[in-house]
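Numbering (my numbering), first residue to last: 2 to 407. Some notes on the structure that comes next.
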């Protein structure tokens with residue numbers, strides 16, 4: 002043991018990283034314990050083998066969720082690679098654990114650097130979903146329109162075929178001083194379905210000022226623009242104002258709030274033009290290096306030219322991130338949603354009222370990295386009840402995808 006320790010120390014002192022790694026690999030009794038895992042991951046990262054280092058650390062933390070130092074190392078790898086979003090989450094998780102004072106200070110410095118980073122941030126997600134009831138079809142066999150019964154085709158109601166989607170986002174910050182900056186960005190997403198009528202495209206852009214106090218408090222405002230296409234044709238555009246803020250009471254508790262107002266221009270008819278406004282309030286509780294709770298309240302209201310189209314929406318959700326065996330990270334979020342229209346519909350003869358109960362589950366294989374991207378599987382199951390038969394349905398959706406930050 003003494004010969005091994007002295008040989009390893011000498012290799013490290015001489016910066017012979019390959020030799021140090023070989024020594025560790027020759028002693029699985031040491032390389033498979035906490036200190037050995039973390040040292041091996043550090044050596045792999047310094048040798049430029051970041052994917053292997055990440056896989057090693059994530060696999061270890063799946064079985065040892067309280068290891069704040071390992072989560073800190075994951076954050077360091079993301080930070081060095083410029084993946085600031087994943088780095089921020091890893092640092093927040095590490096800071097909520099039993100991290101030593103020296104590394105806790107490093108984490109706070111890193112978080113401050115992330116919030117003031119000027120470089121362009123890019124994220125890309127691609128996914129494929131099998132037949133998944135994309136059209137939110139009703140389970141009813143008939144519906145009443147203007148008091149007349151219509152029979153629905155089983156194929157039209159229940160099948161959508163395989164669809165594919167891609168989303169990309171960019172964000173840039175221009176730092177004026179330590180407390181004030183201008184930030185701007187945008188995102189573009191497309192969804193391709195077998196029936197072209199269900200193809201969707203969406204473009205979002207924003208720009209505005211941000212005021213920040215360290216890593217604990219921020220508030221921002223932005224002018225926004227959104228363009229939506231449906232079936233290959235322009236569908237709707239909107240421009241408005243958004244105000245957002247974040248606040249961290251301590252290392253474990255964070256709040257985020259957003260409020261917006263938009264002016265809508267719908268290409269299918271003037272009756273769908275108008276205003277929308279709403280917001281979201283969320284609370285995140287970090288439970289340690291591998292887990293968190295998140296609760297959110299979302300509201301939205303539409304005040305449109307066609308009064309029958311006015312409605313309000315409220316959603317309450319509570320989610321938990323945790324680790325499972327085999328290097329799998331799981332986020333599960335049940336939600337309840339209500340959409341209530343303001344006036345009776347001349348088509349259905351009643352004031353429509355929809356209620357939905359659902360569950361979202363996202364599984365990520367954090368120790369499997371495909372060209373820098375993380376694979377995931379996401380499933381959604383929901384049941385909707387309505388006083389209009391068209392709104393009575395159950396839906397299941399399964400999605401396979403990859404996500405990567407640059």
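Idealized CB from N, CA, C, for every residue including glycine.
Per DSSP, residue 174 is one residue of the beta strand (DSSP E) stretching across 164-176.
Secondary-structure assignment with DSSP links residue 366 through a beta bridge to 329. Under DSSP, residue 301 shares a beta bridge with 279, 314. Here residue 205 carries a strand assignment [DSSP, helix/strand/coil]. By the criterion of a C-beta distance shorter than 8 Å, residue 180 is surrounded in its chain by 212, 213, 214, once the five residues flanking it on both sides are discounted. Around the Cβ of residue 375, a 10 Å sphere holds 16 or more other Cβ atoms; the residue is buried. Just so you know, the alpha carbons of residue 296 and residue 350 end up roughly 36 Å apart. If you draw a straight line from the Cα of residue 370 to the Cα of residue 90, it is about 18 Å long. Secondary structure at residue 236: strand, using DSSP grouped into helix, strand and coil.
Counting only residues of its own chain and dropping the five nearest sequence neighbours on each side, residue 252 has a CB closer than 6 Å to the CB of 96, 97. DSSP lists 357, 394 as the bridge partner or partners of residue 385.
In this structure, the CA atom of residue 165 is about 14 Å from the CA atom of residue 232.
About 5 Å separates the CB atoms of residue 170 and residue 124; that is less than 8 Å, so the two are in contact. DSSP places residue 102 within a helical segment (H, G or I) once states are collapsed to three. Residue 46 is positioned such that its CB atom lies no closer than 7 Å to that of residue 56. The alpha-carbon separation between residue 403 and residue 366 amounts to approximately 10 Å. Closest in alpha carbon position to residue 353, among 217, 345, 359, is 345. Non-local beta-carbon contacts of residue 255 in its own chain, meaning distances under 6 Å to residues more than five positions away in sequence, involve 249, 285 in chain order.
The Cβ atoms of residue 230 and residue 184 lie no closer than 7 Å to each other. Taking 8 Å as the upper bound for CB-CB distance, residue 40 and residue 18 are not in contact here, some 11 Å apart. Check the Cα spacing between residue 377 and each of 368, 79, 384: the tightest is with 368. Nearest neighbour of residue 385 by Cα position, chosen from 400, 338, 363, turns out to be 338. As a beta-bridge residue in DSSP terms, residue 265 pairs with 239, 275. Selection 379, 348, 362, 407 evaluated against residue 391 yields 348 as nearest (Cα-Cα). The beta carbon of residue 360 is closer than 8 Å to those of 333, 334, 335, 336, 381, 382, 383 in its chain, skipping five residues each way along the sequence.
By a beta-carbon distance limit of 8 Å, residue 226 does not contact residue 242. Their separation comes to about 11 Å. Membership of residue 228 in any alpha helix (DSSP H) is not indicated; the residue belongs instead to the beta strand (DSSP E) covering 218-231.
For residue 192, the enclosing beta strand (DSSP E) covers residues 181-193. Residue 210 sits in a strand when the DSSP states are folded into three classes. Taking 8 Å as the upper bound for CB-CB distance, residue 311 and residue 342 are in contact here, some 7 Å apart. For residue 403, the three-state secondary structure derived from DSSP is strand.
For residue 127, the enclosing beta strand (DSSP E) stretches over residues 122-130. With a cutoff of 7 Å on beta-carbon distance, residue 24 and residue 13 are scored as not near each other.
With fewer than 16 other Cβ atoms from the protein chains shown falling within 10 Å of its own Cβ, residue 178 counts as exposed. Per DSSP, residue 21 has no beta-bridge partner at all.
Annotated as distal: residue 246 and residue 223, with beta-carbon spacing of 7 Å or more.
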